[in-house]
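Numbering (full-length UniProt numbering), first residue to last: 1 to 164.
Even glycine gets a Cβ: it sits at the ideal position worked out from N, Cα and C.
As structure tokens, this is what we get:
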């Protein structure tokens, strides 16, 4: 069973978010995020992301385990306690738990609550909501840079004028 398509204002918002994701993609933000995450995991047993296409990033992050591994590496560099997470995710509920734990870890690392995403932004697998995931990781990269975490995140600040 699938969800009904959005209509009206909801459809318009999702369309704008998809366009915004496309602009972020053109600016190289997803590629910079993947390079940064893979750099953080270099020399560890953690799996790396196979590519910067939205579907590849989504599949890599979907169950939340790699997000939790990422925040634990960052928390370690900051001298803070690691978060716990389910390593063998077999249900959507466990994945949502991992995403919640990632969010708590981000807050502990110092990321503003407003920069976080909701678990359904990741689990839906749609480009519009996935923009929130990309924005969160983009902000996390800049925060890591401010704490001198290496490798440095190389994403660029992007600003867009609204067309309306």
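Q: Could you have a look at residue 161 and say whether DSSP puts it in helix, strand or coil?
A: Residue 161 sits at position 161 when you count from the first residue of the chain shown. Only weak support is given to the placement of residue 161: the predicted model assigns it a pLDDT of 48, under 50, and the value that follows is read from those uncertain coordinates. Look at residue 161 here: in three-state DSSP terms it is coil, with no helix or strand label.
Q.
Quick check: residue 67 and residue 98, are their CB atoms within less than 8 Å of each other?
A. As a first step, residue 67 must be located in the chain shown, where it is residue number 67. As a first step, residue 98 must be located in the chain shown, where it is residue number 98. Contact: yes.
**Q.** Closest Cα partner of residue 124 within the set 111, 96, 113, 135
**A.** Mapped onto the chain shown, residue 124 falls at position 124. Taking only the C-alpha atoms, the option nearest residue 124 is 96.
Q. Buried or exposed: residue 90, going by 16 or more other Cβ atoms within 10 Å of its Cβ?
A. As a working note, residue 90 is residue 90 in the chain shown. So residue 90 counts as exposed.
Q.
Applying the 10 Å Cβ sphere with the 16-neighbour rule, what's the burial state of residue 47?
A. To locate residue 47, count along the chain shown from 1; it is residue 47. Residue 47 comes out exposed.
Q | Sequence-distant residues of the same chain with beta carbon closer than 8 Å to residue 83, five excluded per side | A | What you label residue 83 is simply residue 83 of the chain shown in a count that begins at 1. So the list reads 68, 71, 72, 75, 101, 102, 104, 105, 108, once near-sequence residues are dropped.
Q) Could you check where the alpha helix (DSSP H) with residue 148 kicks off and where it finishes? A) Position 148 of the chain shown holds residue 148. Looking at the DSSP string, residue 148 is not in any alpha helix (DSSP H), and its letter there is neither H nor E.
**Q.** residue 12 burial status per 10 Å Cβ neighbour count (16 or more: buried)
**A.** Against the chain shown, residue 12 aligns to sequence position 12. Classification for residue 12: exposed.
Q) Distance, Cα to Cα, residue 147 vs residue 78? A) Here residue 147 refers to the residue found at position 147 of the chain shown. Here residue 78 refers to the residue found at position 78 of the chain shown. Computed Cα separation, rounded: 8 Å.
Q) Is DSSP giving residue 12 helix, strand or coil here? A) To locate residue 12, count along the chain shown from 1; it is residue 12. If DSSP states are grouped into helix, strand and coil, residue 12 belongs with the helices.
Q.
In whole angstroms, give me the CA-to-CA distance for residue 156 and residue 86.
A. For the purposes of this step, residue 156 is identified with residue 156 of the chain shown, where counting begins at 1. For the purposes of this step, residue 86 is identified with residue 86 of the chain shown, where counting begins at 1. Whole-angstrom Cα-Cα distance: 33 Å.
Q. Rounded C-beta distance between residue 24 and residue 131? I'm assuming under 8 Å.
A. In the chain shown, residue 24 corresponds to position 24, counting from 1. In the chain shown, residue 131 corresponds to position 131, counting from 1. With a Cβ gap of about 7 Å, residue 24 and residue 131 count as contacting.
Q. What is the C-beta distance between residue 61 and residue 111, in whole angstroms, given that I count them as a contact (C-beta under 8 Å)?
A. Working through the chain shown from its first residue, we reach residue 61 at position 61. Working through the chain shown from its first residue, we reach residue 111 at position 111. With 8 Å as the limit, residue 61 and residue 111 do not qualify as a contact, their Cβ atoms being about 16 Å apart.
Q | Residue closest to residue 53, alpha-carbon to alpha-carbon, out of 119, 33, 40 | A | Here residue 53 refers to the residue found at position 53 of the chain shown. It is 33 whose Cα lies nearest to the Cα of residue 53.
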